[in-house]
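Be aware that the sequence shown starts at 42, since it is given in the numbering used here, and climbs by one per residue.
Ideal Cβ positions, reconstructed from N, Cα and C, are used throughout, including at glycine.
Keep in mind the model is a prediction, meaning the values are calculated, not measured.
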Amino acid sequence: MKHKASDYISLTEVGERLEGVRLIFGLDLVEICELLETTKYFFNEVKRGRKLIPYEWVMRLSEKYNLNQNWIYQGEGEIFSKRRSDA
């Protein structure tokens, strides 16, 4: 089975979206690190595309801010998920 480029997660793009989320919600580096229970160093490594975004981060951001997990990983779809009552 041949894979397309779109089948892969771009770590750099995930990092850019992560930084965008931080800015959209007006969080400083300390606040987002506390929310994600991580260090500034590791957050910056993910933001720069050097490390994979932990699934726990995706879950926390999705639950707290109603973010679309597919958007976080692939940049596809709307940034915000539709709530079940909205569907």
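Would you mind working out which of the options sits nearest residue i, comparing C-alpha positions?
i	options	result
V130	Y114, R124, F121 and G118	With the chain represented from 42 up to 128, any question about residue 130 goes unanswered, as that position is not in the structure.
L76	T53, Y106, E54 and Y49	Y106
S51	E78, L108 and L93	L93
T79	I65, L64 and Y96	Y96
E104	N85, G56 and R124	R124
Return the chain-ordered list of same chain residues with a C-beta closer than 8 Å to the C-beta of residue i, the five sequence neighbours on each side being excluded.
i	result
K81	L70, V71 and C74
A128	Low confidence applies to A128: its pLDDT is 49, below 50, so where it sits in the model is not reliable enough to give any reading.
E119	N109 and W112
Which class does residue i belong to by DSSP, given the choice of helix, strand or coil?
i	result
F84	helix
L68	coil
L108	strand
Taking just the CA atoms, how far does residue j sit from residue i?
i	j	result
F121	R91	26 Å
R101	K43	33 Å
G116	E54	8 Å
F83	L59	13 Å
G67	G61	10 Å
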